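Under numbering that gives the first Met the number 0, the first residue of the sequence shown is numbered 0, with each subsequent residue one higher. These notes are about the structure you will find just below.
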Amino acid sequence: MPCSKPSILSNANWSGCYHSLILVARVFKVFNTAFWVIAWVIA
């Protein structure tokens, strides 16, 4: 299973890739919430 950043996590195992995916999903959730809040304020 490939990592999100193979250049940085070249020799990372599956748990490292899974942890990075959780981090990316968490950041995406924060940005998604902020996007809807900004859209609601502008609208």
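Glycine included, every Cβ here is placed at the ideal spot set by N, Cα and C. Being a predicted model, the structure only gives us computed values, none of them experimental.
C-alpha distance - Leu22 paired with Phe34, whole-angstrom precision: Walking along the sequence shown from the start, residue 22 turns up at place 23. Walking along the sequence shown from the start, residue 34 turns up at place 35. Their backbone Cα atoms lie some 18 Å apart in a straight line.
C-alpha gap between His18 and Ala24, whole angstroms: Residue numbering aside, residue 18 sits at position 19 when the sequence shown is read from its first letter. Residue numbering aside, residue 24 sits at position 25 when the sequence shown is read from its first letter. Cα-Cα distance, rounded: 10 Å.
Using DSSP with H/G/I as helix, E/B as strand and the rest coil, what is Ala33? Locating residue 33 in the sequence shown gives position 34, counting from the first residue. Helix.
State the Cα-Cα distance for the pair Cys2 and Phe30, rounded to the nearest angstrom. For this step, residue 2 is matched to residue 3 along the sequence shown. For this step, residue 30 is matched to residue 31 along the sequence shown. Its pLDDT being 47, under 50, Cys2 is placed unreliably in this model, and the value from its coordinates should be taken loosely. Their Cα atoms are separated by approximately 21 Å.
In whole angstroms, what separates the C-alpha of Lys28 from that of Ile41? One-based indexing of the sequence shown puts residue 28 at position 29. One-based indexing of the sequence shown puts residue 41 at position 42. Looking at the two C-alpha atoms, the distance is approximately 20 Å.
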